[in-house]
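In mature numbering (1 follows the signal peptide of the UniProt record, and there is no 0), the protein residues as written are -15 to -1, 1 to 483.
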């Protein structure tokens, strides 16, 4: 009996030392419990917990997410130093979701968000080069937005004078724009396929979390897939992928060489051109898998972040009507109330640009960034970081650091204006991350936000219901810091006489 007890204790000590004892000269952090690691120190709210740990341990600290050894960088200079190095540019193995991302025998997955090495580089370069032709570039984006804006305007005019929640409704035109870039299809805003995509994206974004049970203990997906949210996430993801595959087969049947209708046609043409090049990651079945994963990533990450930013923008400008009026006066002076806004107007709309950047900063949607993992033993901030350590960037803290930002919790677009009222960027505002792995859709998101905000506030006023208190919103941590639902009353702006 005693022998068994001693053997058990010995095995437990070895297990604990291997998985939960910090390596020498490793960043400090909370106590690690067996199985859970430092999760109890984080608590139920990831953002609140990470802020608390940063306050306690400083600009770089560690926390074990289950058995995942994790370092959190909460300092701009350290983040800039680390995330531009190759050893910090690798995406980790997301075990809970890998089985739907076509993993190979080495665990390498398809797409852009979580792939690595030459595969990531080839797919990323192709995507950036060709998505620009169908919406990421200036002319393509303007044509896309304003071709649809009359429909968007009518879509929102239905709610004028009513108390409405815009959270999911804002996602519809954003996803429709993305769908048009990919497939060339122009869907009605009440189209059942479009609404189905909106629902699936919403499910995915509300069930994915860096500290969710399924991410920390992926083996639970085999035991209790429903209780962990795994089934909902997988079904939503597979539903989006099915729609993409249907479009692929439809395009394949009607494909004409040299006549490119949309991004799907360009991808098919590239796959055909790589037909004899088996080393290409856009070749054959692997190329098809990369297409599915790339476009699924674009749908999920590209739509929800833009929608949440629009929601936060409307919230802050409804809360501060003086700032809303200042924005509208700038739009009226530069554009008027009849001409469509253009990206060429950017230099003449500094307050609008400042609002976009301030919403990015204060909302900090990508509050911990997309995780990375060290590819070799390295050093940072005087600490030793072993190979295989997960890395999070505490973007929320960096963009709310009281040692740098004045009144960081206040909505102050003026902080992005110089003394002459011109827009000035601040390098410490990093909503899209830093370095080689920063967000692929940065240009698309910036252009979409500029044009949608200009168009919406050119046409509408947004106010909170008069008979109710102004809501005090706390962001909801998930894949992003989501904007909670709230109600506004929209009214059509009175046109000024010329």
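We put the beta carbon where it would ideally sit given N, CA and C, even for glycine. For clarity, every value in this text was computed on a predicted model and none was experimentally measured.
| Item | Value |
| --- | --- |
| If residue 354 sits next to residue 370, beta carbons under 8 Å apart, how far is it from one beta carbon to the other, in whole angstroms? | Their Cβ separation, rounded to whole angstroms, is 16 Å, which puts residue 354 and residue 370 out of contact at 8 Å. |
| Taking the runs of the alpha helix (DSSP H) that are 4 residues or longer, which of them lie wholly in the stretch 1 to 34? | 24 to 27 |
| Would you identify the three-state DSSP class for residue 108, choosing helix, strand or coil? | helix |
| Would a C-beta distance cut-off of 8 Å place residue 426 and residue 287 closer than the cut-off? | yes |
| Buried or exposed: which applies to residue 252, given that a residue is buried once 16 or more other Cβ atoms fall within 10 Å of its Cβ? | buried |
| Given residue 474, which residues of its chain have a CB within under 6 Å of its CB, disregarding the five upstream and five downstream residues? | 148, 448, 450 |
| Taking the continuous beta strand (DSSP E) assigned at residue 368, which residues delimit it? | 368 to 370 |
| Are the Cβ atoms of residue 35 and residue 465 separated by less than 8 Å? | no |
| For residue 47, does the three-state DSSP call read helix, strand or coil? | strand |
| Going by the beta-carbon positions, is the gap between residue 305 and residue 396 smaller than 8 Å? | yes |
| Name the two residues that bound the continuous alpha helix (DSSP H) containing residue 83. | Here residue 83 belongs to no alpha helix (DSSP H), and DSSP marks it neither H nor E. |
| For residue -15 and residue 22, I'd like the C-alpha separation in whole angstroms. | 30 Å |
| Near residue 409, which residues of its chain fall below 8 Å by C-beta distance, leaving aside the five closest residues on each side in sequence? | 401, 402, 403 |
| Helix, strand or coil, according to DSSP, for residue 472 in the structure here? | strand |
| Take the Cβ of residue 237 as the centre, count every other Cβ of all protein chains shown within 10 Å, and call the residue buried at 16 or more, exposed below. | exposed |
| Hey, out of 53, 201, 293, whose CA is closest to residue 156's CA? | 293 |
| Ordered along the chain, which non-local residues of its own chain (more than five positions away) have a Cβ less than 6 Å from that of residue 303? | 447, 448, 449, 473 |
| Roughly how far, in whole angstroms, is the beta-carbon of residue 471 from the beta-carbon of residue 460, given that I think they are within contact range, below 8 Å? | Contact flag wrong, Cβ pair sits at about 12 Å. |
| From which residue to which residue does the beta strand (DSSP E) around residue 364 run? | 363 to 365 |
| Below 8 Å CB to CB, which residues in the same chain sit around residue 46 once its five sequence neighbours on both sides are set aside? | 12, 13, 14, 38, 39, 56, 57, 59 |
| Taking the alpha helix (DSSP H) that residue 56 belongs to, which residues open and close that run? | Taken as a continuous stretch (DSSP letters only), residue 56 belongs to no alpha helix (DSSP H), being part of the beta strand (DSSP E) at 53 to 58. |
| Could you name each continuous alpha helix (DSSP H) segment of 4 residues or more that falls completely within the stretch 210 to 272, going from the start of the chain to the end? | 215 to 239, 248 to 258 |
| What did DSSP end up calling residue 314 once you bin it into helix, strand or coil? | helix |
| Which full runs of the alpha helix (DSSP H) of 4+ residues lie inside the stretch 336 to 410, going along the chain? | 380 to 383 |
| What are the boundary residues of the alpha helix (DSSP H) that includes residue 66? | 61 to 68 |
| Below 8 Å, how does it come out for the stretch 202 to 211 and the stretch 230 to 249: are there three or more Cβ pairs, yes or no? | no |
| Can you say whether residue 16 is buried or exposed, counting buried as having 16 or more other CB atoms within 10 angstroms of its CB? | exposed |
| What's the gap between the Cα of residue 359 and the Cα of residue 372? | 5 Å |
| So, are the CB atoms of residue 74 and residue 331 less than 8 Å apart? | no |
| Using 10 angstroms around the beta-carbon of residue 391, count the other beta-carbons present and answer buried if the total reaches 16, otherwise exposed. | exposed |
| Answer with buried or exposed for residue 307, where buried requires no fewer than 16 other C-beta atoms within 10 angstroms of its C-beta. | exposed |
| Let's see if you can read the secondary structure: which residues bound the alpha helix (DSSP H) around residue 148? | Looking at the DSSP string, residue 148 is not in any alpha helix (DSSP H); the run it does join, the beta strand (DSSP E), is 148 to 150. |
| Tell me, to the nearest whole angstrom, how far the beta carbon of residue 335 is from that of residue 443; I am working on the premise that it is less than 8 Å. | Between residue 443 and residue 335 the Cβ distance is about 16 Å, and since that is not below 8 Å, they are no contact. |
| According to DSSP, which residues form a beta bridge with residue 467? | 461 |
| Hey, quick one: how far does the alpha helix (DSSP H) through residue 175 stretch, first residue to last? | Neither: residue 175 is in no alpha helix (DSSP H) and is coded neither H nor E. |
| Give the secondary structure of residue 145 by DSSP, where H, G and I count as helix, E and B as strand, and everything else as coil. | strand |
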